Amino acid sequence: MTTNKNTMSKTTLGGQFTFPGTSSTVQRIGYGAMQLAGPGVFGPPKDHAAALAVLREAIASGVNHIDTSDFYGPHVTNQLIHEALHPYPDDLVIATKVSARRGKDGSWIPAFSREELTQAVHDNLRNLGLDVLEIVNLRSMFGIHGPAEGSIEAQLTVLAGLQQQGLIRHIGLSNVTPKQIEEGRRIAPIVCVQNFYNIAHRNDDGLIDSLAAQGVAYVPFFPLGGFTPLQSSILSDVANRLQVTPMQVAQAWLLHRSPNILLIPGTSSAAHLRENLAAGELTLLLQTLAELDGIASATTTVKH
Ligand SMILES: NC(=O)c1ccc[n+]([C@@H]2O[C@H](COP(=O)([O-])OP(=O)(O)OC[C@H]3O[C@@H](n4cnc5c(N)ncnc54)[C@H](OP(=O)(O)O)[C@@H]3O)[C@@H](O)[C@H]2O)c1
Numbered sequence: 019m020t021t022n023k024n025t026m027s028k029t030t031l032g033g034q035f036t037f038p039g040t041s042s043t044v045q046r047i048g049y050g051a052m053q054l055a056g057p058g059v060f061g062p063p064k065d066h067a068a069a070l071a072v073l074r075e076a077i078a079s080g081v082n083h084i085d086t087s088d089f090y091g092p093h094v095t096n097q098l099i100h101e102a103l104h105p106y107p108d109d110l111v112i113a114t115k116v117s118a119r120r121g122k123d124g125s126w127i128p129a130f131s132r133e134e135l136t137q138a139v140h141d142n143l144r145n146l147g148l149d150v151l152e153i154v155n156l157r158s159m160f161g162i163h164g165p166a167e168g169s170i171e172a173q174l175t176v177l178a179g180l181q182q183q184g185l186i187r188h189i190g191l192s193n194v195t196p197k198q199i200e201e202g203r204r205i206a207p208i209v210c211v212q213n214f215y216n217i218a219h220r221n222d223d224g225l226i227d228s229l230a231a232q233g234v235a236y237v238p239f240f241p242l243g244g245f246t247p248l249q250s251s252i253l254s255d256v257a258n259r260l261q262v263t264p265m266q267v268a269q270a271w272l273l274h275r276s277p278n279i280l281l282i283p284g285t286s287s288a289a290h291l292r293e294n295l296a297a298g299e300l301t302l303l304l305q306t307l308a309e310l311d312g313i314a315s316a317t318t319t320v321k322h
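Structure below.
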């Protein structure tokens with residue numbers, strides 16, 4: 019299952035998904051660009067050429083969904099995407115996010131006034147070299163490490179206005195609660211939700227099912243554990259048995275979990291990229307899925 023460049027062939031990348039009410043269709047395995055910036059998602063990459071190569075290989079392998087933000091670097095990942103891929107393939111969906119900016123020390127500062135959100139949309143347009151942003155996620159900053167209640171009406175109204183001006187095609191939400199999603203839907207159509215979720219962190223199980231019923235994409239961030247990569251003896255046992263890597267099992271599990279889940283694993287490594295794309299070829303039997311459910315039940319209550 020692990021692949022090298024010589025044996026690499028285009029995989030199905032987990033099949034396809036069409037964002038609700040749109041003609042935007044993407045492969046279910048995409049790519050998250052955050053890891054391309056320097057340490058702490060701040061400053062330039064340690065190897066500029068390698069970062070460009072990862073992006074180009076992702077596209078050459080069939081990826082057509084890239085997640086980014088102008089606050090990665092800041093500006094760095096968007097500028098890398100521009101340099102590596104512009105002019106963009108017609109089917110490429112670049113999803114970005116707004117509502118934070120970076121301090122000189124690399125800190126993450128909430129930035130969701132009308133002026134800051136408008137500026138962020140223009141920064142994304144300029145650095146990506148686009149006239150219109152395909153998807154903009156409003157990232158709620160009420161909770162830094164997880165969603166917290168609070169009205170997002172004012173911020174979303176700003177994005178809806180920019181959508182009406184033609185600068186944004188579709189709107190998504192990130193780091194949000196079900197209540198905030200309901201509030202959001204009264205202001206603008208919501209095509210995707212991007213929250214923290216993976217095989218070991220399953221607070222959003224119920225939300226994923228309700229979004230699936232509505233055809234809305236759920237795009238987990240930290241699908242591999244993010245800054246603290248997933249580690250579990252159950253995951254390792256299953257991976258050994260299937261002769262794949264634990265990270266491939268974790269991604270295959272997400273693809274099996276619900277058809278509205280889209281993957282945006284982040285990597286700065288071409289070898290990891292190939293491994294991640296190949297995870298779409300892995301079929302997990304019901305018995306194996308039940309075994310993998312044990313990972314979250316060991317740490318939290320699994321909500322079905
Ligand atoms: N909305 C939000 O608030 C939010 C927050 C965080 C992230 N995001 C988005 O979600 C995307 C994914 O999140 P993430 O990159 O933070 O976390 P992630 O995908 O869970 O994990 C990335 C980490 O896993 C490593 N990795 C990747 N593939 C691997 C493999 N096959 N084997 C072993 N290690 C592997 C990466 O290191 P290497 O570089 O060495 O491969 C990196 O350290 C980001 O790129 C970003 O676009 C959104």
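According to our numbering, the sequence shown is numbered sequentially starting from 19. Every residue, glycine too, gets a C-beta built ideally from N, C-alpha and C. This structure is a prediction, so every number in the text was calculated from the model and none was measured.
- Annotation: D109 is outside any alpha helix (DSSP H) and is labelled neither H nor E by DSSP.
- Taking non-hydrogen atoms of ligand 1 into account, the C-beta of Q53 is found less than 6 angstroms away from one of them.
- It is roughly 27 angstroms from the alpha-carbon of L302 to the alpha-carbon of A51.
- At the C-beta level, V111 and S42 come within 7 angstroms of one another.
- Contact between the stretch 143-157 and the stretch 175-190 is established, with three or more Cβ pairs separated by less than 8 angstroms.
- DSSP links R119 through a beta bridge to I127.
- When the beta-carbon positions are compared, I47 and G33 stay at least 7 angstroms from each other.
- Residue environment analysis places D88 among the buried positions, since at least 16 neighbouring C-beta atoms fall within 10 angstroms of its C-beta.
- From the listed residues Q53, R74, L73, the smallest Cα separation to K64 is found for Q53.
- In this structure, P38 lies near V234, with their beta-carbon atoms less than 7 angstroms apart.
- Placement of the Cβ of M265 at a distance of less than 6 angstroms from at least one heavy atom of ligand 1 is found.
- Distances between the C-beta of Q97 and the heavy atoms of ligand 1 are all 6 angstroms or more.
- Residues of the same chain with a CB within less than 7 angstroms of the CB of H290, apart from the 5 flanking positions on each side, do not exist.
- By the neighbour-count criterion, in which a residue is buried when 16 or more other Cβ atoms sit within 10 angstroms of its Cβ, D108 is exposed.
- With a cut-off of 6 angstroms, the C-beta of R292 is classified as distant from ligand 1, since no heavy atom of the ligand falls inside that distance.
- For T43, the enclosing beta strand (DSSP E) starts and ends at 43-45.
- Burial is judged here by how many other beta carbons sit within 10 angstroms of a residue's own beta carbon; L180 has at least 16 and is buried.
- Remark: C-beta atoms of A118 and A129 approach each other more closely than 7 angstroms.
- In terms of Cα proximity to A166, the closest of N221, Q182, P105 is N221.
- The bridge partners DSSP lists for F239 are F214.
- Set against 6 angstroms, the gap from the CB of R119 to the closest heavy atom of ligand 1 is not smaller.
- Counted as a single uninterrupted DSSP element, the alpha helix (DSSP H) harbouring T175 occupies residues 171-182.
- Not one heavy atom of ligand 1 falls within 6 angstroms of the beta-carbon of T114.
- If only complete runs of 3 or more residues are kept, the stretch 32-106 shows the beta strand (DSSP E) at 34-36, 43-45, 83-85, in order along the chain.
- G190 carries a strand assignment under DSSP once its states are collapsed to helix, strand and coil.
- For S131, the closest of R144, A102, L177 by C-alpha to C-alpha distance is L177.
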